[in-house]
Amino acid sequence: MRKTIAILLLSLLTMTAQAQTDWFRLLRGTLKVGQALTLSDAELANIVKESVDAMDRSNNVCNESNSYTKRLRRVTKGMVDADGIELNFKVYRTTEINAFACPDGSVRVFSALMDLLSDDELLGVIGHEIGHVALRHSKRAWREELLRGAASDAIGAFSDTWANLSDSFLGNVAGAAISAKHSRRHENEADEYGYEFLKKCGKNPWAIGLAFKKMKELEENSSSKYTKLLQPFSSHPDFDERIENIREKAEKDGYSCM
Ligand SMILES: [Zn+2]
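All the letters of the sequence shown, read from the start, carry residue numbers 598 to 855 under the working numbering.
Okay, structure coming up:
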């Protein structure tokens with residue numbers, strides 16, 4: 598290591614001014630990546646909290662007396678935590694169709710998704726999203742996006758610590774983490790979680806399959822009044838297979854799959 602530093606310093610002495618500046622930038626970027634790798638759980642939690650607060654501020658959040666909020670409160674009644682992570686729910690009033698959950702237990706449901714789904718179907722989708730939190734998929738996605746953000750920002754605005762991150766940095770990371778495609782294995786695990794979740798709530802677990810079917814049909818119907826179906830729900834090649842897996846399981850468990 599000492600030898601490497603000596604060689605680096607020697608080569609630095611022989612560089613032009615521009616090359617030296619570039620070299621320092623590169624070094625600074627490398628240090629940041631090293632720092633990013635030590636991102637603690639507490640730092641991650643702070644960043645997620647800040648990002649969720651910023652998203653709540655920039656979206657149209659339905660207030661407590663709003664009918665969407667009342668319905669969401671009713672559907673999620675008694676849902677306190679996901680494997681020890683305390684949950685909180687809000688509705689964003691928007692024509693986009695989506696729902697997401699963050700590692701801090703914040704669940705955000707879009708009003709257009711609520712228009713599309715029955716209560717049980719909605720509960721299935723929320724169960725799936727909470728599955729990503731309980732199984733720590735969501736935490737992993739945020740961590741990865743933060744690392745990626747810090748690394749790609751080597752010459753940019755990323756500050757020297759994980760504190761005081763710029764709004765644009767947080768916005769980019771939050772956007773990427775929320776729309777991140779989980780691995781096929783994680784999606785299956787979250788589907789399974791949503792399925793069991795519905796059963797525990799005394800519902801027919803096929804409701805989650807019905808929800809996915811509706812979302813898929815909607816996406817295929819270009820004349821829909823809804824602007825778009827957002828990731829992670831926009832369909833991908835394995836979507837049909839996931840629906841069929843849920844149907845197969847529900848039938849085996851003796852549920853009607855109409
Ligand atoms: Zn998912």
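We put the beta carbon where it would ideally sit given N, CA and C, even for glycine. Quick caveat, the model's predicted, so the values are computed rather than measured.
In three-state DSSP terms, what is VAL677?
By one-based count along the sequence shown, residue 677 stands at place 80. The answer is coil: DSSP assigns VAL677 none of H, G, I, E or B.
With C-beta atoms as the reference, is ILE723 less than 8 Å away from ALA747?
Counting from one through the sequence shown, the residue named residue 723 turns up at place 126. Counting from one through the sequence shown, the residue named residue 747 turns up at place 150. It is not a contact, given that the beta carbons lie outside the stated cut-off.
Throw me the rounded Cβ distance for the ILE843 and LEU767 pair, which I believe falls under 8 Å.
Position 246 of the sequence shown, counting from 1, holds the residue named residue 843. Position 170 of the sequence shown, counting from 1, holds the residue named residue 767. Their Cβ separation, rounded to whole angstroms, is 35 Å, which puts ILE843 and LEU767 out of contact at 8 Å.
Report the partner residues of LYS687 according to the DSSP bridge assignment.
Translated into the one-based positions of the sequence shown, residue 687 becomes position 90. Answer is ARG705, bridged to LYS687.
With 8 Å set as the bound, which would you pick, yes or no: does the beta-carbon of VAL649 sit closer than that to a beta-carbon of chain D?
The displayed structure is made up of one protein chain only, and chain D is not part of it.
Quick check on ALA696: does DSSP put it in helix, strand or coil?
As a first step, residue 696 must be located in the sequence shown, where it is residue number 99. Strand, per DSSP.
Does the region 770-781 come into contact with the region 734-742, if we say contact requires no fewer than three beta-carbon pairs (one atom in each stretch) closer than 8 Å?
Flag = yes, the region 770-781 and the region 734-742 touch.
Using the Cβ count rule (16 or more neighbours within 10 Å means buried), how would you classify LYS858?
A question about residue 858 goes unanswered here, because the residues of the chain that appear run from 598 up to 855.
Measuring CB to CB, does VAL730 end up less than 8 Å from ALA679?
Translated into the one-based positions of the sequence shown, residue 730 becomes position 133. Translated into the one-based positions of the sequence shown, residue 679 becomes position 82. Yes, the Cβ-Cβ distance between VAL730 and ALA679 is below 8 Å.
Relative to the C-alpha of ASP835, which candidate in SER780, GLY702 and ILE682 has its C-alpha closest?
Counting from 1 along the sequence shown, the entry for residue 835 is found at position 238. Nearest of SER780, GLY702 and ILE682 to ASP835, Cα basis: SER780.
Could you check if GLU718 is buried or exposed, using at least 16 other CB atoms within 10 Å of its CB as the buried criterion?
Walking along the sequence shown from the start, residue 718 turns up at place 121. The residue is buried, with at least 16 neighbouring Cβ atoms inside 10 Å.
Quick one: residues in its chain with C-beta nearer than 6 Å to the C-beta of ASP716, no 5 flanking neighbours on either side, listed in chain order?
As a working note, residue 716 is residue 119 in the sequence shown. VAL672, listed in sequence order.
Out of curiosity, what's the CA-to-CA distance linking GLY681 and ASP701?
Here residue 681 refers to the residue found at position 84 when the sequence shown is read from its first residue. Here residue 701 refers to the residue found at position 104 when the sequence shown is read from its first residue. Rounded to whole angstroms, GLY681 to ASP701 spans 10 Å at the Cα level.
Would THR758 be called buried (16 or more neighbouring beta carbons within 10 Å of its own) or exposed?
Here residue 758 corresponds to residue number 161 of the sequence shown, with the count starting at 1. When all chains shown are included, THR758 counts as exposed.
Kindly identify the DSSP beta-bridge partner or partners of ILE682.
As a working note, residue 682 is residue 85 in the sequence shown. The partner list for ILE682 (beta bridge, DSSP) reads ALA679.
For SER662, which option in VAL649, ARG654 and LYS687 has the closest C-alpha, if you only look at C-alpha atoms?
Here residue 662 is taken as the residue at index 65 of the sequence shown, counted from 1. Comparing Cα-Cα distances from SER662 to each of VAL649, ARG654 and LYS687, the minimum goes to LYS687.
Distance check for LYS797 and ARG839, CA to CA, integer angstroms please.
Residue mapping note: residue 839 aligns to position 242 of the sequence shown, counting from 1. Residue mapping note: residue 797 aligns to position 200 of the sequence shown, counting from 1. Distance between the alpha carbons of ARG839 and LYS797 is about 20 Å.
Which partner residues does VAL658 have in the DSSP bridge list?
The residue labelled residue 658 in the question sits at position 61 within the sequence shown. Answer by DSSP bridge pairing, in chain order: TYR689.
For ligand 1, is there a heavy atom less than 7 Å away from the beta-carbon of GLU741?
Reading the sequence shown from its first residue, position 144 is the one you call residue 741. For ligand 1, not one heavy atom lies less than 7 Å from the Cβ of GLU741.
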